[in-house]
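K.L.:
Below you'll find the structure I mean.
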Amino acid sequence: NWDLILYVNLELVNKTSKRRFIVKEMLGQGTFGQVVKCLDTETNNYVAVKVIKNQPAFYHQAIMEVSLLRALNHKFDPDDEHNIVRMLDYLLFQNHLCIAFEMLGQNLYELLKRNHFRGLRMEFVRTFSKQILDAMIVMREAGIIHCDLKPENILLVPSLTPAAEVKVIDFGSACMEGKTVYSYIQSRYYRSPEVLLGYPYNTAIDMWSLGCIVAELFLGLPLFPGASEYDVLQRMVKILGGQPPDYLLREAKNSAKFFKHVGSICPGSEVYNGLGSSYRMLTEEDIEMRESKRPKVVKWYFPQLRLDQLICNYPWKKSELTETEKTERLVLVDFLKGLLKFDPDKRWSPLQA
Ligand code: ADP
Ligand code: MG
């Protein structure tokens with residue numbers, strides 16, 4: 069990996085791209101810089117160019133993005149069969165690292181928004197899930213953790229046929245398994261319990277995010293739209309039932325922010341809390357007492373229901389579902405429960421899913 073990073077750096081210093089890009093319009097703006105639609109005068113195609121801010125930290129992270137994508141594209145998906153964005157070129161322009169990608173369409177957040185935040189048809193939920201999983205199987209094989217899977221980072225592939233296709237983009241936060249550096253990762257709504265709690269993580273964090281994304285595609289709105297990490301965790305506990313396993317709470321470095329140790333797990337003991345756990349989540353009042361301010365929580369889009377009730381009753385207007393639809397929803401609940409397991413070791417792998 070370090071060899072590859074060094075190689076990309078050297079290559080950048082030496083290379084002058086034959087391509088010339090003419091900026092046409094703005095596609096997106098993020099923490100790393102801007103994404104612009106350009107005409108590639110070499111090929112006469114439109115491309116999306118990510119222009120990275122010219123500061124060392126962003127440059128280094130973007131070199132990582134280039135290195136990981138190079139490996140993913142060429143070594144692990146040479147024939148572009150696995151729903152991962154293609155990187156076309158990269159170059160330095162006025163001290164900005166620029167990465168050219170194939171031009172894709174709207175992201176899934178924009179798609180949901182265009183749909184007035186109503187959920188997508190099961191057919192699309194299934195197709196998109198399968199395609200994202202295909203990308204995740206390859207990422208897992210490569211030992212790459214994406215670290216920022218969310219609807220904004222899944223893009224539709226423009227097509228002349230009605231077939232719907234998506235690709236995973238934005239490896240700007242990605243890292244290698246076993247070489248994790250940062251502990252503050254993933255977008256809050258899609259952040260896994262182990263990252264929230266501060267516990268060593270692996271590719272299973274991406275599977276958690278996928279669970280959140282799939283639920284959102286079906287419901288039209290995020291499953292855990294917490295205003296704070298506490299709010300997110302509280303929603304997980306309420307919607308999924310249960311809580312992170314004891315070993316995680318015991319060993320994670322931020323557990324005490326959210327849970328308190330209540331002693332014994334034995335029935336009959338005074339502190340037994342019925343969850344088979346020696347920890348209990350702090351109440352909002354607990355936190356207020358401790359920090360002399362209430363944790364940030366916001367109102368719920370949905371009735372406060374368990375996952376199976378949410379999925380089976382959506383969109384909460386009385387209309388009979390067919391037997392097939394009922395079965396499909398139960399299958400979706402089962403699938404989501406496999407992805408949204410608090411215990412990263414029990415969470416499904418991409419292949420299992
Ligand atoms: P950031 O790391 O800043 O989030 P992204 O790579 O996710 O950068 O790009 C930001 C946004 O730009 C995306 O959410 C998407 O809307 C748009 N975008 C990125 N890549 C492409 C692409 N290949 N084709 C079309 N739009 C893109
Ligand atoms: Mg992004």
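Position 43 of the sequence shown, counting from 1, maps to 111 under the numbering used here, and the rest follow consecutively.
Even glycine gets a Cβ: it sits at the ideal position worked out from N, Cα and C.
Between which two residues does the beta strand (DSSP E) harbouring Leu404 extend?
P.N.:
Note, Leu404: premise wrong, no beta strand (DSSP E); alpha helix (DSSP H) at Glu391 to Leu407.
K.L.:
Should Asp145 be listed as close to the ligand ADP, given that the test is whether its C-beta is under 8 Å from any heavy atom?
P.N.:
Checking the Cβ of Asp145 against the ligand ADP gives no.
K.L.:
Only counting runs of 4 or more residues, tell me where the alpha helix (DSSP H) segments fall wholly within the region 229–281, in order along the chain.
P.N.:
261–265, all fully within the region 229–281.
K.L.:
Is Tyr382 helix, strand or coil by DSSP?
P.N.:
DSSP places Tyr382 in coil when its eight states are reduced to three.
K.L.:
Take Ser135 and list the residues in its own chain whose beta-carbon comes closer than 6 Å to its own, dropping the five residues that flank it on each side.
P.N.:
Contacts found: Leu72, Ile73 and Val76.
K.L.:
Under three-state DSSP, which class holds Asp299?
P.N.:
Helix.
K.L.:
Could you tell me which of Pro363, Arg358 and Lys247 sits nearest to Cys215, measuring between CA atoms?
P.N.:
The shortest C-alpha separation from Cys215 is found at Lys247.
K.L.:
Mind checking whether Asn183 and Glu233 have CB atoms under 9 Å apart?
P.N.:
No; because the gap between Cβ atoms is not below 9 Å, this pair is not in contact.
K.L.:
Does the Cβ of Met357 lie closer than 8 Å to at least one heavy atom of the ligand ADP?
P.N.:
Checking the Cβ of Met357 against the ligand ADP gives no.
K.L.:
Tell me, please, whether the CB atom of Gln372 is closer than 9 Å to any CB atom in chain B?
P.N.:
In the structure shown, chain B does not exist; there is a single protein chain.
K.L.:
What are the residues that DSSP puts in a beta bridge with Gly164?
P.N.:
At residue 164 the sequence reads His, which differs from the Gly that was named. Beta-bridge pairing links His164 to Phe161.
K.L.:
I'd like the span of the alpha helix (DSSP H) that includes Phe196, first residue to last.
P.N.:
Met190 to Ala210 is the extent of the alpha helix (DSSP H) around Phe196.
K.L.:
Assuming the contact rule is C-beta atoms closer than 8 Å, Met349 and Phe370 should be a hit. Round their C-beta distance to whole Å, please.
P.N.:
Actually they are not in contact, since the Cβ atoms of Met349 and Phe370 sit about 20 Å apart, beyond 8 Å.
K.L.:
Using a Cβ-Cβ cut-off of 6 Å (strictly less than) and excluding sequence neighbours within five positions of Ser277, which residues of its own chain qualify?
P.N.:
Hits under 6 Å: Leu217 and Tyr258.
K.L.:
For Ala295, I'd like the list of residues in its chain whose CB is within less than 8 Å of its CB, leaving aside the five on either flank, ordered along the chain.
P.N.:
Contacts found: Lys364, Val365 and Val366.
K.L.:
Distance, Cα to Cα, Glu391 vs Arg397?
P.N.:
When rounded, the distance between both Cα atoms is 10 Å.
K.L.:
May I ask you to check if the CB of Gln254 is nearer than 8 Å to at least one heavy atom of the ligand ADP?
P.N.:
No; taking the cut-off as 8 Å, the Cβ of Gln254 has no heavy atom of the ligand ADP nearer than that.
K.L.:
Say yes only if the C-beta of Asn221 is nearer than 8 Å to one or more non-hydrogen atoms of the ligand ADP, and no if none qualify.
P.N.:
At least one heavy atom of the ligand ADP is nearer than 8 Å to the Cβ of Asn221, so yes.
K.L.:
What are the complete alpha helix (DSSP H) segments, minimum 4 residues, inside the region 79–153?
P.N.:
124–138, all fully within the region 79–153.
K.L.:
What residues in its chain sit with their C-beta under 7 Å from that of Glu356, if we drop five residues either side in the sequence?
P.N.:
The residues are Arg362.
K.L.:
Rounded to whole angstroms, what is the Cα-Cα separation between Asp354 and Lys328?
P.N.:
Answer to the nearest angstrom: the Cα atoms are 10 Å apart.
K.L.:
Any heavy atom of the ligand ADP closer than 8 Å to the beta-carbon of Leu95?
P.N.:
The answer is yes for Leu95.
K.L.:
For the ligand MG, any of its heavy atoms closer than 8 Å to the Cβ of Gly406?
P.N.:
No; taking the cut-off as 8 Å, the Cβ of Gly406 has no heavy atom of the ligand MG nearer than that.
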